[in-house]
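Our numbering puts the first residue of the sequence shown at 5, with every later residue one more than the last. Virtual Cβ for every residue (Gly too), placed ideally from N, Cα, C. Heads up, the thing below is written out as structure tokens.
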Amino acid sequence: NDILDSSKLESGKLEILPVEYDLASTINDLVNMIGGKASDKGLELAVDVDPETPHLLVGDEIRVKQVILNILTNAVKYTEEGSVTLSVGFEKKDEEHILLECRVVDTGIGIKEEDLSKLFSPFERIEETRNRSIEGTGLGMSIVKQLLSLMDSRLYVDSVYGQGSDFHFTLEQKVVRWDPIEDFAESYRKSQEQMEAYHEAFCAPDAHILIVDDTPLNLTVAKGLLKFTEIQIDTASSGEETLDLVRVNRYDMICIDHMMPEMDGIETLHRMDGLVNNQNVGVPRIALTANAVSGAREMYLKEGFDDYLSKPIDGKRFETLLLKYLPEDLIQPARERAPIEDLLEPEAYGTAVELEANGAAVEPEGELAFLKGITSINYEAAILHCGSEELLLSVLRDYLAAIPEKSADIERFWKERDYRNYEILVHALKSSSRLIGALSLSELARQMEEAATLAADGDADAAARIDAQTGQLLKDYRMYFDKITPLVSNEDGVDARPQIPEEELAEAFGAIREFAEAFDFDSADSVMTQLSDYSIPEGWQEKYEEVRRLLAAVDQAGLLAALGGKE
Numbered sequence: 005n006d007i008l009d010s011s012k013l014e015s016g017k018l019e020i021l022p023v024e025y026d027l028a029s030t031i032n033d034l035v036n037m038i039g040g041k042a043s044d045k046g047l048e049l050a051v052d053v054d055p056e057t058p059h060l061l062v063g064d065e066i067r068v069k070q071v072i073l074n075i076l077t078n079a080v081k082y083t084e085e086g087s088v089t090l091s092v093g094f095e096k097k098d099e100e101h102i103l104l105e106c107r108v109v110d111t112g113i114g115i116k117e118e119d120l121s122k123l124f125s126p127f128e129r130i131e132e133t134r135n136r137s138i139e140g141t142g143l144g145m146s147i148v149k150q151l152l153s154l155m156d157s158r159l160y161v162d163s164v165y166g167q168g169s170d171f172h173f174t175l176e177q178k179v180v181r182w183d184p185i186e187d188f189a190e191s192y193r194k195s196q197e198q199m200e201a202y203h204e205a206f207c208a209p210d211a212h213i214l215i216v217d218d219t220p221l222n223l224t225v226a227k228g229l230l231k232f233t234e235i236q237i238d239t240a241s242s243g244e245e246t247l248d249l250v251r252v253n254r255y256d257m258i259c260i261d262h263m264m265p266e267m268d269g270i271e272t273l274h275r276m277d278g279l280v281n282n283q284n285v286g287v288p289r290i291a292l293t294a295n296a297v298s299g300a301r302e303m304y305l306k307e308g309f310d311d312y313l314s315k316p317i318d319g320k321r322f323e324t325l326l327l328k329y330l331p332e333d334l335i336q337p338a339r340e341r342a343p344i345e346d347l348l349e350p351e352a353y354g355t356a357v358e359l360e361a362n363g364a365a366v367e368p369e370g371e372l373a374f375l376k377g378i379t380s381i382n383y384e385a386a387i388l389h390c391g392s393e394e395l396l397l398s399v400l401r402d403y404l405a406a407i408p409e410k411s412a413d414i415e416r417f418w419k420e421r422d423y424r425n426y427e428i429l430v431h432a433l434k435s436s437s438r439l440i441g442a443l444s445l446s447e448l449a450r451q452m453e454e455a456a457t458l459a460a461d462g463d464a465d466a467a468a469r470i471d472a473q474t475g476q477l478l479k480d481y482r483m484y485f486d487k488i489t490p491l492v493s494n495e496d497g498v499d500a501r502p503q504i505p506e507e508e509l510a511e512a513f514g515a516i517r518e519f520a521e522a523f524d525f526d527s528a529d530s531v532m533t534q535l536s537d538y539s540i541p542e543g544w545q546e547k548y549e550e551v552r553r554l555l556a557a558v559d560q561a562g563l564l565a566a567l568g569g570k571e
């Protein structure tokens, strides 16, 4: 995203788009986004907000948030102990405007005077040797400088090498109302307590909701998130199907995806409001959107929605909306059960070896029936992780597709003694193997991840452990290719997935090319993931494998050459 923004800034395509926003909500988001990173490093994250600061402002909230977040991220990266402090205040400019004052102070390594110029140079990192373990593109502060310039401001830096740094700027913002933000720290504390109170703390077996999304996987995930609330859930995959359901059923809440083919979520809502026999007049309607940009909430409220929920859906946020909009008489205390986090720990079941020897308590059926013969996969653990058979099927397909490339990369980094990249890959293998219930492989990957952390810092014993056990790890990992292959094959061993038409495959490659040209590799990966649900037509397999390999390697030049894009 930094690279994409930098490209837009250089080409003059990035615009400042002022909207009405709530400063308290913006600060709340910033604290939530950076708090975990600070906590992981044992740092104190302090927030000091002038209680008289007006909180309803007009400005480009997305860019204001991006500027402050980049500064905060930089501060946490380069601070090993002590604190990072975000201060927000204001100076009244006239009856309609303030100068919003933002400051981030850290107790980090500080910056040498001769290095200050590097701070705003794209792709340059300060003291590269000393800070070699710190991740990042080196674009963050360069983008901060350019974004502030677009908003008629500039960043000031005061730093003492070895003691810390002070980054600050002022930004003119229009005031909607002069209502003060009041005690932000106290409000945030209360909101955190509320989040802890409602986390999986209720069930509503008599509640009935409708979730509309044209992507089946999204419906599966949403249902999985609400599994333990016992809410009755109907689903629809189109606007027309939604209209049919609201004619005959009364719901307590309706969630509608915005971007759907033929009839999008907004048109569906308007058509619903115009139905003579609509059974859901007055029922709360929530917009589901993957594009939660600045001003989204105001736009959806204007169109008739009561609120919106960004995708991918966050379980806590979903529960917050349910508690807010479901009738109070439907909410009951949660039933007693072990926390899901405990259920997902191997210790809750016994050791991985015991699990695999005893087998799962729940028998796999249907498309997953082939798992009965695989003792190294604990089906019960896999279902607990994924939440449903449908999601587990999708995860298994993705896991299968990744084995050749990922195992080759692990082997290459091992032989090259590139322990940093080796660590990243075995960390991912640990998580993905745990997700499908391959607990022994997950545990071995965890051990190799810990060893790689030490080996990268020169620990010879850890490097020897990696040499001794990586061969077994690769053997076990690659073994799953044959074990899971029946998922996409019929009884004769032939790929049973539907074959994608050549013209649709060509369109998919075209989309990947466009995303690669814009450095948007996340979206390109998403297209490739969707392709894994299909078999590839004869004559296209070689190109498909080449594109998959280049995409996994984040090789933009190679991708554009393979797909005929601009270099």
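- Within its own chain, the residues whose Cβ lies closer than 7 Å to the Cβ of Y304, once the five positions on either side in sequence are excluded, are A291 and Y312, listed in chain order.
- Each of M264, D248, E266 and N36 was checked against the Cα of Q283, and the nearest Cα belongs to D248.
- Rounded to whole angstroms, the Cβ separation of A456 and Y423 is 5 Å, and the two are in contact under 8 Å.
- Taking 8 Å as the cut-off, the Cβ atoms of S437 and L478 do not count as close.
- Contact between the segment 424-431 and the segment 368-377 is absent, with fewer than three C-beta pairs closer than 8 Å.
- Around L49, the same chain offers G39, A42 and V88 as residues with beta carbons nearer than 6 Å, after the five sequence neighbours per side are excluded.
- Check the Cα spacing between E100 and each of S91, V108, G63 and N78: the tightest is with G63.
- Here DSSP, grouped into helix, strand and coil, assigns L175 to strand.
- Following the DSSP letters along the chain, one finds E95 in no alpha helix (DSSP H) but inside the beta strand (DSSP E) bounded by residues S87 to K96.
- Nearest to A565 by C-alpha distance, out of A300, E518, E542 and P541, is E518.
- The alpha-carbon of A211 is positioned some 21 Å away from that of E245.
- Straight-line measurement puts the Cα of E190 at about 33 Å from the Cα of G308.
- Taking C-beta separations shorter than 6 Å and ignoring five residues to either side along the sequence, the partners of V92 in its chain run V53 and C106, following chain order.
- Per DSSP, I237 is one residue of the beta strand (DSSP E) stretching across Q236 to A240.
- Within the segment 237-320, the complete beta strand (DSSP E) runs of at least 3 residues fall at 257-261, 289-293 and 311-314.
- Cα atoms of G168 and E117: separation of roughly 13 Å, rounded to the nearest angstrom.
- Boundaries for E367: no alpha helix (DSSP H) harbours it, and the DSSP string shows neither H nor E there.
- Here D422 carries a coil assignment [DSSP, helix/strand/coil].
- S242 is positioned such that its CB atom lies no closer than 8 Å to that of M263.
- Contact holds between the segment 54-74 and the segment 170-184, because three or more Cβ pairs, one in each stretch, are under 8 Å apart.
- Note: H212 is bridge-paired with Q236 in the DSSP secondary-structure output.
- The three-state secondary structure of S157, taken from DSSP, is coil.
- In the DSSP annotation of this structure, Y82 is not part of any alpha helix (DSSP H), being labelled neither H nor E.
- The C-alpha of Q451 lies about 23 Å from the C-alpha of L400.
- Put simply, the backbone Cα of L330 is about 48 Å away from that of M483.
- E453 and H431 do touch by the CB rule: their CB atoms are close to 5 Å apart, below 8 Å.
- One Cα belongs to L159, the other to L47, and the distance between them is close to 24 Å.
- For the pair D310 and F171, the Cα-to-Cα distance works out to about 39 Å.
- Per the coordinates, the alpha-carbon of G370 lies some 23 Å from the alpha-carbon of A240.
- When the Cα atoms are used, D261 and L223 turn out to be separated by approximately 10 Å.
- Distance from the CA atom of M276 to the CA atom of G269, rounded to whole angstroms, is 10 Å.
- Under DSSP, V164 takes part in a beta bridge, and its partners are G168.
- For I102, the secondary structure class from DSSP, reduced to helix, strand or coil, is strand.
- Comparing C-alpha distances from S380 to each of S446, E394, D333 and R421 shows the shortest one belongs to S446.
- Scanning N36, Q503, K306 and Y165 for the CA closest to the CA of K320 turns up N36.
- The secondary-structure analysis by DSSP pairs D26 across a beta bridge with L60.
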